[in-house]
Structure formats: C-alpha cells, structure tokens
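Working notes, structure below.
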Amino acid sequence: VTKQELSDMLWAAWGITHDGKRTIGTAMNRQELEIYVVTATEISRYSAEENTLTPIATGDFREEVALQDFAVTAPVNIVFVADKTKQKDIEHQCYAAGAASQNVYLYCAQAGLKTVLRYGCDRDAMKKTMNLDENKNILYVQTVGR
C-alpha cells in the first residue's frame, strides 16, 4: 500500500471535503471518530484537518491489533476509535465507524486493494500502547493489503 493510497483511503474514510464537511455523517454531528493506522514500523493518528498521520508509537504492534495470521502480516491495519465524551451511545459510535469503513471498502475496490473489517484485537494491549484513556472506545480494525 503506497503512501498516496493510504492518504486517499483515510481521506475517504474520515476526511474533510472542499466545503468543510466530513466525508461521512455522524449522529447529531458529534464527530466522535478517531482513526489510527498500525503498520510494521509504527502506530499513527490520522488528522483529517491536515490529511496527515502523526506517529504516536514506534515499533511493530500488528500482533496486538490482529488475532488472525493474515492481519499480523498485512501492511495496514486501520483502528477505528470513538471518543465517548463526544458520543456516549455505542450504536451511534458503531454507525460512524461502519460508514467510515464502508468508504475504505469502496476506495479499496477501485484501487485494486483488499480489505476486511474485523472486530478481533487485543483491546487492552492496544489501549495501553496507544495511550488511550477510559473515554476512548476501540470499535473495529480494518485490515488492508494487496
């Protein structure tokens, strides 16, 4: 997965459009979603405002984010996290992550990439590694590769 593909994919998932709106809607416009990317070298947080990734941890943490063998070796795992201070309702959190992941599916389909949305990961280990507090809820992980 190239840097440009990843950038375009993340923009499709949770980016900001030319008119200043998100690429997906959220219930009551709470915008509770946060996106993290796990690769072989680091974990990064996506900034939609700048369409950039900021590293938050260095190292290969794919085993924490993947309970299946294919995900451990995949080049990209996208972690969808909800901020419970913005949206407490788990159904609304899952709606936002589901809409974002669907945009990743659509991007991957047109770019010739493969993807699968997964629930399984070591949430306790990931929350610690990602330094997430009790107000952050890891919802899903989406694995991307060729």
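6 is the number of the first residue of the sequence shown in the numbering used here; add one for each residue after it.
Heads up, the beta-carbon is just placed ideally off N, CA and C, and yes, glycines get one too.
(message) Buried or exposed for alanine 51, going by 16 or more other Cβ atoms inside 10 Å?
(response) Note on identity: in this sequence residue 51 is tyrosine, with alanine being the wrong assignment. Buried, because 16 or more other Cβ atoms sit within 10 Å of the Cβ of tyrosine 51.
(request) Entirely within the region 82-143 and at least 4 residues each: give me those alpha helix (DSSP H) ranges in chain order. (result) Taking only runs of at least 4 residues, the alpha helix (DSSP H) segments lying wholly in the region 82-143 are 95-116, 128-134.
(request) Using three-state DSSP, classify leucine 72 as helix, strand or coil. (result) Here leucine 72 carries a coil assignment [DSSP, helix/strand/coil].
(request) Return the chain-ordered list of same chain residues with a C-beta closer than 8 Å to the C-beta of alanine 45, the five sequence neighbours on each side being excluded. (result) Within the same chain, alanine 45 has close Cβ partners Asp65, Arg67, Pro80.
(message) Please classify methionine 14 as buried or exposed, where buried requires at least 16 other C-beta atoms within 10 Å of its C-beta.
(response) So methionine 14 ends up on the buried side.
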